[in-house]
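In the numbering used here, the protein residues as written are 26 to 271. Worksheet: the structure to be examined is printed underneath.
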Ligand SMILES: [Zn+2]
């Protein structure tokens, strides 16, 4: 949210949100050291928030890079483990082919890697959250979650960007979903939730289906964060009181 390192961002967000998604998406990027991780633990116990961690992309092809990537991901998991993340978000590259036999090969390769990541890093496979990058790949990630035992991080903004129906996908696959990425689409995606249509209907579904996962407003910048929070609170306030007829 702030153009700064992880700790100042969490210090700023503490008390404002229930969960912070830590972006550890570049193995060689801005990775906090052990002292920073300790500070994140301290902030969580002071303010009561949880963490989720967005890891780098799992590579299903290109043997040498794939090996290096797996080792880097395991290192990042070990580093972040003290903050006890509720989930570990991963993308899989390349994207799943649309063609059925090729998609099966993609799923088998991705399943093996998700399982290897969980067992090597000694985390429950269910804590790995595989994330769709668009609309057409939602089903492939549903199948990957089912086959590997992972959960799904459903990115509703990515579905919206491709003119899909986020709520229909969510209703269909909610039991597999433990994490939501929500952002608006304007000139591009990852914009304020002011640009997310039917926020009220989304909240209604989450309440009706007793969603207990994490709702991440995946936006970047102070203004988008604040206007997103205001949009969610306004949509929440417009909901009918409990017990009133639907
Ligand atoms: Zn996302």
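Note that beta-carbon positions come from the ideal geometry of N, C-alpha and C, so glycine has one too. Model, not experiment: these values are computed from the prediction.
Residue from the options whose Cα sits closest to the Cα of residue i
i: residue 53; options: 238, 149 and 97; result: 97
i: residue 284; options: 41, 31, 38 and 40; result: The first residue shown for the chain is 26 and the last is 271, placing residue 284 beyond what the model contains.
i: residue 173; options: 141, 61 and 188; result: 141
i: residue 71; options: 36, 56 and 26; result: 36
i: residue 110; options: 245, 29, 65 and 58; result: 65
i: residue 279; options: 165, 143 and 224; result: There is simply no residue 279 to check, as the chain begins at 26 and stops at 271 in what is shown.
i: residue 184; options: 100, 215, 200 and 170; result: 215
i: residue 179; options: 164, 200, 267 and 205; result: 205
i: residue 40; options: 73, 56, 67 and 55; result: 73
i: residue 163; options: 147, 56 and 132; result: 132
i: residue 45; options: 243, 210 and 148; result: 243
i: residue 198; options: 212, 100, 213 and 177; result: 177
i: residue 120; options: 108, 107, 135 and 106; result: 135
i: residue 251; options: 29, 42 and 33; result: 42
i: residue 170; options: 192, 139, 194 and 158; result: 139
i: residue 259; options: 192, 137, 90 and 228; result: 228
i: residue 104; options: 256, 34, 55 and 246; result: 55
i: residue 143; options: 123, 125 and 100; result: 100
i: residue 127; options: 165, 92 and 91; result: 165
Backbone secondary structure at residue i - three-state DSSP
i: residue 70; result: helix
i: residue 241; result: strand
i: residue 133; result: helix
i: residue 225; result: helix
i: residue 14; result: With the chain covering 26 to 271 only, the question about residue 14 has no answer from this structure.
i: residue 109; result: coil
i: residue 116; result: coil
i: residue 219; result: helix
i: residue 46; result: strand
i: residue 102; result: helix
i: residue 187; result: coil
i: residue 88; result: helix
i: residue 39; result: strand
i: residue 30; result: coil
i: residue 298; result: Because the chain here runs from 26 to 271, residue 298 falls outside it and cannot be looked at.
Beta-carbon gap between residue i and residue j smaller than 8 angstroms
i: residue 175; j: residue 150; result: yes
i: residue 168; j: residue 189; result: no
i: residue 153; j: residue 113; result: yes
i: residue 145; j: residue 117; result: no
i: residue 269; j: residue 249; result: no
i: residue 147; j: residue 115; result: no
i: residue 238; j: residue 221; result: no
i: residue 196; j: residue 241; result: no
i: residue 106; j: residue 94; result: no
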